[in-house]
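Q: From first to last, the protein sequence lines are chains A and B. Quick note: the first sequence uses this note's numbering, first residue 153, plus one each step. Quick note: the second sequence uses this note's numbering, first residue 48, plus one each step. Quick reminder that beta carbons are idealized off the backbone N, C-alpha and C, glycines included. Shown below is the structure under consideration.
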Amino acid sequence: MFNDTITAISTALGEGAISIVRLSGSQAIEIVDKVFKEKNLHNVKSHTIHYGHIIDPEDNTLVDEVLVTVMRSPNTYTTEDIVEVNCHGGIFVTNKILEIVLTLGARLAEPGEFTKRAFLNNRIDLAQAESVMDLINAKTEASLKVAVNALDGRVSNLISDLREVVLGIVASIEVNIDYPEYDDAVVMTNEILKPQIQNVITKMDEILEVAKTGKIIREGIKTVIVGKPNVGKSSLLNKLMREEKAIVTEVAGTTRDLVEGYINIGGIILNLIDTAGVRETKDIVEAIGVERTKKVVNEAELILLVLNNNEQLNKDDEKLLELTKDKKRIIIINKMDLDSNINKAKLPNYLETSMLNDDSILMIEKEIKQLFELGEIKSQDLTYMSNSRHIAKLKSARKSLGDALDSISNKMPIDMIEIDVKEAWINLGEILGEEVGDNLINELFSKFCLGK
Amino acid sequence: MYDIIVIGGGHAGCEAALAPARMGLNTLLVTANLKKVAHLPCNPSIGGPAKGVVVREIDALGGEMGKNVDKSQIQMRLLNTGKGPGVQALRAQADKVDYPKNMLATLLKQENLTIIEEMVDDLIVQNNEVKGVVLENNEKYYGKVIILTAGTYMKAKIMISNETWSSGPDNDKPSLNLSDNLRKLGFKTMRLKTGTPPRVAIDSIDYDKTIIQPGDMYYHAFSYDTTEFRPLDKQIPCYLTYTTEETHSIIMQNISKSSMYGAIEKLESKGPRYCPSIEDKIVRFADKPRHQIFLEPESIYIPEIYVQGLSTSLPKDIQEKIIHTVPGLENCKIVRYAYAIEYDAIDPKQLWPTLEAKSIKGLFFAGQVNGTSGYEEAAGQGLMAGINAALKIMGKEPFILKRNEAYIGVMIDDLVTKGTKEPYRLLTSRAEYRLLLRHDNADIRLREYGYNFGLIDERRYLKFKQKLNKIVTAKSRLEKLKINPSKEVNEYLTSINSAALKDGITPLNLLKRPEINYEHLMSLLKEEVRLSKAEIQQIEIQVKYEGYIKKMMNQVEKLNKLEARRIPEAIDYNNIPNLAIEAKLKLNQIKPLTIGQAGRISGVNPSDIAILTVYIETYRSKHE
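This is how it looks when you write it as C-alpha cells:
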C-alpha cells in the first residue's frame, strides 16, 4: 500500500560489532540485489540468510563483507518485503551502505516508520494505534528538525546558490516554451546549455568535496600516530584505546581502508590506520623505511606526531616534521614531567602532555575540532543519517545533470533535457527542505517581461 | 423544470450547456446578450502553449471549441516546432465575427438545449441545495443543477485612467446583483482585474515599417474530426513592431495618470502578471529598451487591428501619444481605446474538483468567475462542469481528470487546491508531467472518456480505435523485424548521415537514433509508408523519447498511489490530534478528496500527511 521503499540503520551506530541496514518496501530486494555481488536475491527463498559482499555501484569497489537476510511479504514485520544487511559495525561502512541504498532509490525512514507501516498494514492491532500515533508524532518533529538543521551552514548556502543557478536555467528554457515569440529571452540551445550544466556539475563536485567536513563527523578521521621510538606513542594509543567509548574491531581487509580501530573521542571518530607501525619496537623511520612512513602519512587525514620533551630534536624528528608539514597534524610534546631539552622554538605549535592523562585527551580533542573546523559537536545518530540523505540527494541531483549532458550529446530536444535539469532542481530543494510550489512561475515573471 | 440551467453564454457557458444537452439532459442556457455568445472580447487568438493543448483536450472529450476554431480561423501556426513534441502547440487567429456566429449556430441546432436572452440576478437555494434562478424581471426558472459561468461580468467596472464606469467587457451590460447574492449565500469573492489594448483602423497602419508574421503554409486543425480547411493562401497575416524610447518616456511622464499607478487610489483588485499593462512592463523592466507589439487582425469583416502589447489604463490622450511613437503606427487611428476591467470572482477553493460548490449542492461554477484568465481555460472548465453536472443528475461517479491526464486536470486541481490571487493562466510550467500532456496525444489520453459519456459518437470512436490499433501493430512489427548490416543498408545510412551498422538491429532500435525517422525505416525495409502522419508521429515519439516517458510514468505511478488513497468525506480534521494548526485550517477549508491532493495544499507538511494517513487508516478500521 505504500509506494516507496524505506531504509534506516536499525542498530545503534558505532556501538556494536555488527550493524544492520534495514529496507522495507516493494523495491527492497531489487535495490540490495543491485549491489550484492554473489547471488541474485530475486531468486532466493523467503526468510533466508546469504553471505556475500556489497559493492559500491559508483566505482565497483568492495564496501563490506556482509550477511543479507531476505524476508518476503507478507510474513514480515511491516508485511512488506524486508531486506536486512548485516555489516561490520563501523560508522564508515554502515553509512556507506545506507548511502548506497538511498542513492538507488530507497528513502530514509522517519523515526518509527517501520512500526508505522506495520500498523498501517494491519500487522499491529488497533489497541496499539494510539501509542503508535504518539510515537510517530513525537519523533517526526525531531526528524524534520534534523533534516533541515543538520545541514552544515556553508554547504547549505552553497546548495542554495547552486539551486538558484539551476532554477535560472530551468526558467530560461520554460520561457522559451511558454512564450516562443518573446524575443528578449535567449533561445536556449543544447550548445548554450552544455557549459552551464557542466559548470553546475563542477560546483556540485566541489561541494561534495567540501561536504567531507560533514563527512568527518559521520565517518571519522583517518588518523596515524607517528614518532620515533620511546616517545610515548604506545601509551597514547593505549590511553586512547582505554577511553570508555573506544571501540576496536578487527575488520581489516573488508573495507577499502586498512582501518584497524575506531576511537570515539568527544563525538569524533578517529579511524586509526597503521597501528602496527606504532607498536613496532624498532625505529620506524629506520626499520620500516621512509617510504612506508610517507605512504602512511599521505593516506592519513590527521597526524598525531609525538615528540619527547626530554630529548633534543634529532634527524628522525625533523624528518617526520618535514614529512607532515602540509598535513593536518597535532604535535604532542610528551613527558613534560621530565626535564625539558627540546628546542620548542623550532616547532610551529604543539600540545604539552605528561603521561597522557585525561586532560591531555581533552586537549587533543579540542585541537582536532579546531583543525577540522568542527565547532561544537552535538551529533547523535540522527545527524549522521540526515547527512547521508543530503549526500544521496546531491548525488542524485548530480546524476540528473549527468543525464542531461548525455541527452545533449544524444541530440535530445531542449524540453527533454529540461526534465533532467528540473529533477536536479527538485533534488537540491529537498536538501534544503524547500517546497517546489510556485517558485518557478514566480521566477518566470520576475525575470522576463511577458504578456500581451 | 430543467435538468440543468447554465448562466452565461461565454466560452465556459457554451461548453457547459452543450455537453449535458448532448448527454441527453434537458438544458437551459440563460445569456444576457445573444449577440455576445462565445464572444472574444480581448485578443483574437485561441491556443498557444498549454492553452492549445487544452483546446485539443476539449475536442478529444467531445467539446466544441476546437471544431469552432477550425471553422472560424483566419490564420494558424504550430508553435515550438524547433523543440520537442512535449511542448508543441497550435495557435489560431480566430475571426471575432465568425467564431461567435458559428458557435451560436451550433447551440441553436443542439437538441435538448433551450436558449433565452435574460439576465440572472439571484439563485433559489433551499437547505443548501440549489433549486433554480431568478431573472432580473423576477421570473423564476427551476433546474436540478445550475452552472454559473458569469465570466468577468459580476460588478464589472471599466477603467481608463481615473474614469471608471459600471460596464461589462466591450461596453456590455454588467451583472450588478449576482455577486452580492452569492456573498449572501456565504461565498467568498475576490476582486480581479484584467485589461485589453487599443484597436486601430486597419488602413491607418504603415505596414512597411513592421515585420510580417504569416501563418504556416501547411494545414492545421485543432479538432481530430476536421476535414475542411481554410485555403492556405487565404490566411491573414499578423505584423510585428516595437515600442521606442519615446514611447517609454511618454509613459514615465504620465505614470501617475494610470489607474494602476495612482490615478485611482482605492483599486483593490489584482491584475495578472502575464497580462501586464505597458506601463507595468516599463516600470518593472526599466532596462529593456523596447517591447514587442503584435498587430493582429480582429476579423475579415471588421477593419480593426488588435495592438497586442499595448494594454494600458492611461487616459485616452496619452494613449494617442504613446501609440504614435510606435513604428508603423505614427498616423494610426484608434478606433477603441485600451481599458482595464475589474470584476468579482469567487475563491475557487470553495469548489470540489468537480467544480460543484462545497457549501451548496447542485451549484457548479466554471470559467473566469473562478478566477481564471483566457478563453481556453474557461472552455475547459465549462466542459468539465457540464459533464459533472450531467453525471450528478444521472447518479454516476464524478469525472475528475488527474494531473497526469490533462492540462484541464492540472488547472482544476490548482484552482481548487491552491486557489489563485490573480487571474490564473495555464502555462506548460504548471504541469509536472508535461511530456505526457502533449497536443498530439490528447485523443489517446481522453477520447475513451468522451465516448463513455456519449460525447463521442460510434463513428468517431471507431476511427480513433483504428488509429490506436495501427500504431500498436506497426510498433510491434518494428520490434520483431531485423535490419542487417548489408552494403546497401550501410550505404543508405551513410547517405543520411547515420553511422553504419556493425550488427543486425531491430528497426525499432534504429529509430532511436535522433537522425532516423519512420520514412527512413520504410526505405530500409523496402516498404511503402502506409501510416498517416499522426500515426507516424505517435510511433516516433513513443520510441525516441521512451526513456523520458518511462521516467515520467514512474513518477505518475507514485502519484496515482497517493491519489488512490481517498479521504472519507465525513472526516473532521479538528479531531485529529497532533495535526499542525495551519494544516487543520487548510484541510478543513479545502476538504481534499485524496491524500495526494492533501499533499499539494500549501502549508500542509509531510509530517501532517503522515499523521493524516495514520488517522484515516484508524478511522476506516473503526467505521467499516
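Name the two residues that bound the continuous alpha helix (DSSP H) containing I329 (chain B).
A: Here the alpha helix (DSSP H) through I329 (chain B) covers I325 to R331.
Q: For the candidate residues B:N301, B:Y471, B:L229 and B:A136, whose alpha-carbon lies nearest to that of V330 (chain B)?
A: It is B:N301.
Q: For the region 327-342 of chain B, which residues have a beta carbon sitting closer than 8 Å to at least one beta carbon of chain A?
A: Listed by position along the chain: K328, R331, F332, K335, H338, Q339 and F341.
Q: Where does the unbroken beta strand (DSSP E) through W212 (chain B) begin, and where does it stop?
A: First-last of the beta strand (DSSP E) with W212 (chain B): E210 to S213.
Q: Thinking C-beta only, is H205 (chain A) closer than 8 Å to D216 (chain A)?
A: In this structure, H205 (chain A) lies closer than 8 Å to D216 (chain A) by Cβ.
Q: With 7 Å as the limit, tell me which residues of the region 115-131 of chain B have their beta carbon closer than that to any beta carbon of chain A; keep them in chain order.
A: Under the 7 Å Cβ criterion, the region 115-131 of chain B contributes L126, N127, K130 and G131.
Q: Helix, strand or coil, according to DSSP, for H202 (chain A) in the structure here?
A: Residue state, collapsed to three classes: strand.
Q: Is it a yes or a no for the region 155-162 of chain B touching the region 181-196 of chain B, going by three-plus beta-carbon pairs under 8 Å?
A: Segments in contact, no.
Q: Use the C-beta contact count for A64 (chain B): other C-beta atoms within 10 angstroms, 16 or more gives buried, fewer gives exposed.
A: Buried: at least 16 other Cβ atoms inside 10 Å.
Q: Between A544 (chain A) and chain B, is any beta-carbon pair separated by less than 8 Å?
A: Closer than 8 Å: no.
Q: Give a yes or no on whether the minimum CB-CB distance between Y705 (chain B) and chain A is below 8 Å.
A: No answer is possible for residue 705 (chain B): it lies beyond the span of chain B, which begins at 48 and ends at 671.
Q: Using 8 Å for Cβ pairs, my map puts K605 (chain B) next to N155 (chain A). What's the rounded Cβ distance?
A: Confirmed, Cβ separation roughly 5 Å.
Q: From L151 (chain B) to N488 (chain B), what distance separates their C-alpha atoms?
A: Roughly 29 Å between the two C-alpha positions.
Q: Near D277 (chain A), which residues of its chain fall below 7 Å by C-beta distance, leaving aside the five closest residues on each side in sequence?
A: Residue placement at D277 (chain A) is flagged as unreliable, the pLDDT there being 46, under the threshold of 50; a coordinate-derived value is accordingly withheld.
Q: I'd like to check one pair, S358 (chain B) with Y243 (chain B): are the Cβ atoms closer than 8 Å?
A: Correcting the residue type first, residue 243 (chain B) is Thr in the shown sequence and not Tyr. Yes, the pair counts as a contact, with Cβ atoms nearer than the cut-off.
Q: Under a Cβ-count criterion, where at least 16 other Cβ atoms within 10 Å of its own Cβ denotes burial, should P216 (chain B) be classed as buried or exposed?
A: It is buried - the Cβ of P216 (chain B) has at least 16 other Cβ atoms within 10 Å.
Q: How about V661 (chain B): is its C-beta nearer than 8 Å to some C-beta of chain A?
A: Judged by the 8 Å Cβ criterion, V661 (chain B) is in contact with chain A.
Q: Which residues of chain B have a Cβ atom closer than 8 Å to the Cβ of I321 (chain A), listed in chain order?
A: In chain order: nothing, as chain B lies at least about 13 Å away.
Q: Give me the Cβ distance between A197 (chain B) and I54 (chain B), rounded to the nearest whole Å; I'm assuming they're in contact under 8 Å.
A: With a Cβ gap of about 6 Å, A197 (chain B) and I54 (chain B) count as contacting.
Q: Can you pull the chain A neighbours of P96 (chain B), defined as C-beta to C-beta under 9 Å?
A: Ordered by position in chain A, the residues that pass the 9 Å Cβ test against P96 (chain B) are I329, D330, Y331 and P332.
Q: Helix, strand or coil: which one does DSSP assign to N224 (chain B)?
A: Looking at N224 (chain B) - three-state DSSP - the assignment turns out to be coil, as it is neither helix nor strand.
Q: From V536 (chain B) to E593 (chain B), what distance separates their C-alpha atoms?
A: Their backbone Cα atoms lie some 25 Å apart in a straight line.
Q: In the DSSP assignment, the alpha helix (DSSP H) including S512 (chain A) goes from what residue to what residue?
A: Taken as a continuous stretch (DSSP letters only), the alpha helix (DSSP H) holding S512 (chain A) covers D510 to L523.
Q: Does P131 (chain A) get closer than 8 Å to chain B when you measure Cβ to Cβ?
A: Because residue 131 (chain A) is not part of the residues shown, which for chain A are 153 to 604, the question remains open.
Q: To which residues of the same chain is K559 (chain B) closer than 7 Å at the C-beta, ignoring the five residues directly before and after it?
A: Closer than 7 Å at Cβ, skipping near neighbours: V590 and K591.
Q: Please confirm whether E262 (chain A) has its beta-carbon closer than 8 Å to some beta-carbon of chain B.
A: Yes, because at least one Cβ of chain B sits closer than 8 Å to the Cβ of E262 (chain A).
Q: Going along chain B, which residues have a C-beta under 8 Å from M568 (chain A)?
A: Neighbours of M568 (chain A) on chain B, chain order: G131, G133, L482, Y592 and Y595.
Q: Using only the alpha-carbon positions, how far apart do L438 (chain B) and L108 (chain B) sit?
A: If I take the Cα positions, the gap works out to 14 Å.
Q: Indicate whether at least one CB of chain B lies closer than 8 Å to the CB of N155 (chain A).
A: By this cut-off, N155 (chain A) is an interface position.
Q: State the CB to CB distance for the pair L482 (chain B) and I586 (chain B), rounded to an integer number of angstroms; the pair is presumed to be in contact (CB under 8 Å).
A: That belief does not hold up - the Cβ atoms of L482 (chain B) and I586 (chain B) are roughly 16 Å apart, past 8 Å.
Q: In chain B, which residues lie less than 9 Å from I571 (chain A) when you measure between Cβ atoms?
A: Here the neighbours are G133, R481, L482, Y595, K598 and M599.
Q: I259 (chain B) and P344 (chain B) - do their beta-carbons sit closer together than 8 Å?
A: No; because the gap between Cβ atoms is not below 8 Å, this pair is not in contact.
Q: What does the alpha-carbon distance come out to for the pair D435 (chain A) and T375 (chain A)?
A: Only weak support is given to the placement of D435 (chain A): the predicted model assigns it a pLDDT of 45, under 50, and the question is left unresolved by the model.
Q: Are the beta-carbon atoms belonging to E582 (chain B) and I518 (chain B) less than 8 Å from one another?
A: Contact: yes.
Q: Sort out for me which residues DSSP pairs F341 (chain B) with in a bridge.
A: DSSP output for F341 (chain B) lists B:L287 and B:Q355 as bridge partner(s).
Q: Can you give the beta carbon distance from G433 (chain B) to Y471 (chain B), rounded, assuming they're within the 8 Å contact cut?
A: At roughly 20 Å, the Cβ-Cβ gap does not stay under 8 Å, so G433 (chain B) and Y471 (chain B) are not in contact.
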